[in-house]
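Numbering (this note's numbering) for the sequence shown: 7 to 476.
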Amino acid sequence: MVMFPWMCNAQCMVSKSVMKDAEKSKEQLLDELTALRQRVACLDASTPEPTHQQHGDGRWLSLQGETERVRAEIARQESERRLQTLMSNLPGMAYRCKIDADWTMEFVSKGCLPLTGYQCHELVQNRVSSYGTLIHPDDRQLVWDGVQEGVAKRQHFKLEYRIRTATGEEKWVWEQGIAIYAENGQATFLEGFITDIAERKRAEQRLEAVNAGLEQAVARAEELAVRAEAANHAKSQFLATMSHELRTPLNAIIGFSDGLLDRSDVHPLNEHQMDRIRRIKSSGEHLLSLVEGVLDISSREAGKTELDITTFAISELAGDVAAVAEELLRGNPRVRFSLDVEDNIPAIASDREKLQQILLNLLGNAVRFTEQGSVRLIVRCLREELRLTRIQFAVSDTGIGIPAEKIGELFKPFMQVNAAATPRYGGTGLGLCISNHLAVALGGSIEVASELGKGSMFTLTIDSYPPDRA
Ligand SMILES: Nc1ncnc2c1ncn2[C@@H]1O[C@H](COP(=O)(O)OP(=O)(O)OP(=O)(O)O)[C@@H](O)[C@H]1O
Ligand SMILES: [Mg+2]
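In structure tokens form, the structure reads like this:
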């Protein structure tokens with residue numbers, strides 16, 4: 007409860023004179039004050055010069071005493087008026103009551119009407135209603151116990167409870183009060199303040215409703231997340247099973263096709279038959295890489311990218327992938343491959359196999375989409391600090407390039423910029439999607455710059471894992 011400073015100092019006055027004259031109107035007080043001021047003015051006018059007092063004239067001395075008494079009365083009434091003004095401006099009701107079951111009011115301030123709907127005189131001495139009956143029946147015990155505890159401990163009591171106003175409206179109020187004790191130590195009265203907290207309670211209730219709504223939403227979101235997780239798991243499970251089931255016959259198709267082509271000397275086949283078997287084999291291989299790619303993506307989307315972190319030399323990894331690129335370009339003298347690895351790059355801790363998979367896809371693409379010119383792999387160490395080594399791999403080519411509007415879609419599954427040319431270039435459209443997942447799993451990223459008809463550059467940046475995670 008707000009403790010108004012004036013309340014403590016003025017408690018005495020409230021209990022003695024203000025209570026008695028509680029119903030005296032402000033106008034009455036002002037009239038009395040004006041009369042008293044006039045009286046003082048008269049007395050002052052008739053007061054002789056100080057020299058007259060030196061003669062010890064009793065008449066003048068008695069007039070002076072009268073002046074002081076009147077001045078004291080003016081001061082008292084002014085203080086009383088200030089108190090009345092303060093109380094009538096307070097957003098609540100100051101009171102003094104008996105400690106009985108009715109909480110019989112001895113005095114209530116003007117805030118009584120807006121708070122309870124009763125005029126002050128209607129509540130005082132339970133003339134029309136007692137304050138006790140205004141308290142909500144369910145809260146009466148709470149109020150009684152709270153007050154008794156404060157009385158026993160000689161402390162302020164603070165209470166929140168409901169009242170029913172004269173119009174039947176239910177209202178939340180807040181009260182702070184203290185007992186006044188007689189000389190024998192007996193608590194005789196309560197004095198305090200009661201204010202309307204309906205608005206605060208409504209805000210609290212709204213907040214509680216919002217909180218409850220939020221809790222429900224969070225619970226629902228959690229439930230949906232669990233369901234989504236279960237669905238994802240089921241999907242991965244299904245794909246794993248399906249891919250296994252599909253791989254077995256596909257491998258058989260590829261194997262038998264190979265066998266037929268290899269043994270064409272024993273069982274001669276004409277050119278047409280050979281061509282058909284080659285197509286069966288390449289379609290089987292395409293399907294197999296599709297199945298593997300889909301399985302790879304789905305397991306990564308289900309968050310199943312398990313990393314195998316080891317420490318290795320970048321130059322060795324670059325040498326290995328360069329050898330594959332050179333092999334892919336063998337027999338194509340129009341495209342030159344070059345490898346440029348910065349000297350003294352420190353060994354890094356990462357998943358070597360996954361890094362290699364990304365680089366092979368980027369180099370594989372560069373080789374496939376470049377008919378002449380060059381394919382390059384440049385490796386640089388961007389930063390080397392106590393716990394961090396950042397490596398950049400740039401795969402560039404002078405190939406067909408990628409239209410600017412397609413660059414943002416390159417990492418989506420099954421994205422092939424020129425799908426019509428797929429038979430020419432091959433591929434499943436999953437390589438970059440998988441590479442991107444892998445790069446993210448390694449804590450890195452892939453960026454693309456390309457110009458149609460001129461070439462492309464794919465830049466993979468990764469950080470070495472801190473030694474404690476390696
Ligand atoms: N270096 C490049 N130059 C031109 N286009 C490219 C290059 N790299 C990728 N692309 C375009 O992006 C598409 C997607 O590449 P991505 O590696 O994901 O699939 P893909 O190579 O077609 O098939 P795969 O799944 O076998 O890798 C390619 O089909 C191609 O259109
Ligand atoms: Mg690819």
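Think of the CB as a built atom: it goes at the ideal place given N, C-alpha and C, for glycine as much as any other residue.
By the three-class DSSP mapping on this structure, what secondary structure does residue i have?
{"i": "serine 289", "result": "helix"}
{"i": "aspartate 106", "result": "coil"}
{"i": "isoleucine 406", "result": "coil"}
{"i": "arginine 282", "result": "helix"}
{"i": "alanine 400", "result": "strand"}
{"i": "isoleucine 141", "result": "strand"}
{"i": "glycine 379", "result": "strand"}
{"i": "serine 304", "result": "helix"}
{"i": "threonine 91", "result": "helix"}
{"i": "threonine 317", "result": "strand"}
{"i": "serine 451", "result": "strand"}
{"i": "serine 136", "result": "coil"}
{"i": "glycine 71", "result": "helix"}
{"i": "histidine 162", "result": "coil"}
{"i": "asparagine 276", "result": "coil"}
{"i": "valine 297", "result": "helix"}
{"i": "valine 423", "result": "coil"}
{"i": "threonine 434", "result": "coil"}
{"i": "alanine 445", "result": "helix"}
{"i": "threonine 40", "result": "helix"}
{"i": "glutamate 312", "result": "coil"}
Looking only at DSSP bridge pairs, what is residue i linked to?
{"i": "glycine 198", "result": "Tyr101 and Gly183"}
{"i": "isoleucine 80", "result": "Per DSSP, none; premise fails for isoleucine 80."}
{"i": "serine 456", "result": "Ser462"}
{"i": "tyrosine 167", "result": "Val179"}
{"i": "isoleucine 384", "result": "Asp346 and Ala400"}
{"i": "valine 114", "result": "Tyr101"}
{"i": "valine 130", "result": "Met111"}
{"i": "valine 341", "result": "Gly379"}
Start and end of the beta strand (DSSP E) containing residue i?
{"i": "glycine 461", "result": "461-469"}
{"i": "lysine 418", "result": "Segment: none, lysine 418 is in no beta strand (DSSP E) and carries neither H nor E."}
{"i": "tyrosine 124", "result": "Here tyrosine 124 belongs to no beta strand (DSSP E), and DSSP marks it neither H nor E."}
{"i": "alanine 353", "result": "Alanine 353 -> no beta strand (DSSP E), and no H or E assigned at all."}
If you follow the alpha helix (DSSP H) that residue i is part of, which residue opens it and which one closes it?
{"i": "valine 330", "result": "320-335"}
{"i": "valine 153", "result": "146-159"}
{"i": "valine 272", "result": "Segment: none, valine 272 is in no alpha helix (DSSP H) and carries neither H nor E."}
{"i": "glutamate 483", "result": "Past the edges of the chain, shown from 7 to 476, lies residue 483, and the structure says nothing about it."}
Discussion item. Going residue by residue through the segment 187-265, where are the continuous beta strand (DSSP E) segments of at least 3 residues, counting only ones entirely within it?
Written reply: 193-202
Discussion item. Strictly closer than 7 Å from CB to any heavy atom of ligand 2: give me those residues in the order they appear in the chain.
Written reply: Asn367, Gly370, Asn371, Gly433, Gly437 and Leu438
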